[in-house]
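Beneath this line is the structure, given in structure tokens, with notes to follow.
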Amino acid sequence: MTKYGGWRNRKLIDFFIHFASTVFTRYKEKVKYWMTFNEINNQVNFSESLCPFTNSGILYSPEEDLNEREQIMYQAVHYELVASALAVQTGKLINPEFNIGCMIAMCPIYPLTCAPNDMMMATKAMHRRYWFTDVHARGYYPQHMLNYFARKGFNLDITPDDNAILARGCVDFIGFSYYMSFTTQFSPDNPQLDYVEPRDLVSNPYIDTSEWGWQIDPAGLRYSLNWFWDHFQLPLFIVENGFGAVDQRQADGTVNDHYRIDYFSSHIREMKKAVVEDGVDLIGYTPWGCIDLVSAGTGEMKKRYGMIYVDKDNEGKGTLERIRKASFYWYRDLIANNGENI
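Under numbering that gives the first Met the number 0, think of the first position of the sequence shown as 0, with each following residue one higher.
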């Protein structure tokens, strides 16, 4: 980050391919499914520092205004998309049986009302947050993004050779995380419907939220599966889905996280509908997560996602003892019968 500026720098493409070639070669007989960049689209939230840093190793300077930050983000993303396409090609040369996918953070964006301007704002928001998938899956930029770059005056380093690489490096499947949905609304102050996150997000009155304000929306997972399938007709893989909560140990030492079981149950039922009723090609599901760890988003230990409790608090105090929660036993039984009892 200090020497090269993170993914601002085209040189990182070569570094990434060196890394990818190394792990592809090392694990070519052990690993079948791969994903190139984790939740690559989260950095669409360029107005805050966290996601550009965690996605692309970008440290903004105080002199860079929001317009400059946005252009820097899109340039970094382009280099990452080229690196992803090259990694797909490289992996196939090492083992043609590899399945190489992308990984998208999916939070479907609903209109607050059925007012036409709200509907159009939601459409533009989905464009802005999920165009990454178009490039991964189709091998070229959607026209609405090229038009947007031109209108904003972004002079991005995108070469004809880059475009040829993108076309040859499409992914085999779409991996995505799903935790919640978003909602947006038209504002007269934004006549061009330029979606900026989190500025343009509003509360959904029909959905409950977690202690951290995350929307609990099982039907949104079914919607997301259908949206991806309708747009791209590629196999889908839910690689993250879970519920962050404060878990309390009982007097007998157990953790009865029935709320997490409720979350998983409701989401898996909607997932099943997408497969059985809607015909979505879903190849896998992995929950987040198996064990408690520090939340990447908030830096807290008390925001727990695991099915295994870890005795550690926000101040680092605790024994690190592991305790199976109620959700552990529930999920063990669920996967033993492949979800037949859901």
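No residue lacks a Cβ here, since even glycine has one placed at the ideal position from N, Cα and C. These numbers were taken from a predicted model, which means no experiment stands behind them.
One Cα belongs to I157, the other to M102, and the distance between them is close to 22 Å.
Judged by DSSP in its simplified three-state form, M306 adopts coil rather than helix or strand.
DSSP places V238 inside the beta strand (DSSP E), whose first and last residues are L235 to E239. Selection W33, M72 and A86 evaluated against G5 yields M72 as nearest (Cα-Cα). In this structure, F236 sits away from I307, with a CB-CB distance that is not shorter than 7 Å.
Scanning its chain for C-beta atoms nearer than 6 Å, with the 5 sequence neighbours on each side dropped, one finds around R248 the residues V254, in chain order.
Below 8 Å, enough C-beta pairs join the region 64-78 and the region 6-15 to call them touching: three or more. If you ignore the 5 residues before and after S202, its C-beta comes within less than 8 Å of the C-beta of T182, all in its own chain and listed in chain order. Segment contact: the region 212-232 against the region 59-72, fewer than three CB-CB distances shorter than 8 Å; contact not assigned. Non-local C-beta neighbours of A325 in its own chain, meaning closer than 6 Å and more than five positions away in sequence, comprise N255 and D256, ordered along the chain.
DSSP places Y147 inside the alpha helix (DSSP H), whose first and last residues are Q142 to K151. Under the three-state reduction of DSSP output, R198 falls in the coil class, being neither helix nor strand. According to the DSSP assignment, A136 belongs to no beta strand (DSSP E) but to the alpha helix (DSSP H) extending over P115 to R137. A residue is called buried once 16 or more other Cβ atoms fall within 10 Å of its Cβ, and I341, having fewer, is exposed. The continuous beta strand (DSSP E) containing M34 extends over residues Y32 to M34. Assigned with DSSP and collapsed to three states, N154 falls in coil, not helix or strand. For D117, the CB contacts under 7 Å within the same chain, skipping 5 residues up- and downstream, are P110, L111, Q184 and F185 in chain order. Residues of the same chain with a CB within less than 6 Å of the CB of Y304, apart from the 5 flanking positions on each side, are G241, G243, W287 and G288 in chain order. In the pairwise beta carbon analysis, the region 225-235 is classified as not touching the region 187-199: fewer than three pairs are separated by under 8 Å. DSSP, read as helix, strand or coil, puts N336 in coil. Beta-bridge partners assigned by DSSP to R323: I307. In the three-state DSSP reduction, T297 falls in the coil class, being neither helix nor strand. With a threshold of 16 other beta carbon atoms within 10 Å, I334 falls short and is exposed. For N94, there is no enclosing beta strand (DSSP E), since its DSSP letter is neither H nor E.
For D312, same chain residues with a beta-carbon under 8 Å away, outside a window of 5 residues either side, are M300 and K301 in chain order. Short of 7 Å from the beta carbon of L155, and not among the five residues preceding or following it, lie these beta carbons of its own chain, in chain order: Y73, Q74, H77 and F148. In this structure, S180 and D207 do not form a Cβ contact; the two beta carbons are roughly 12 Å apart against a cut-off of 8 Å.
Nearest C-alpha to L85 among V170, N41 and R25: V170. Where S60 is concerned, there is no enclosing beta strand (DSSP E), because DSSP gives it neither an H nor an E. Taking a C-beta distance under 7 Å as the contact criterion, S83 and F36 qualify as a contact pair. Secondary structure note for I164: it is in no beta strand (DSSP E), and the uninterrupted alpha helix (DSSP H) holding it is P159 to R167.
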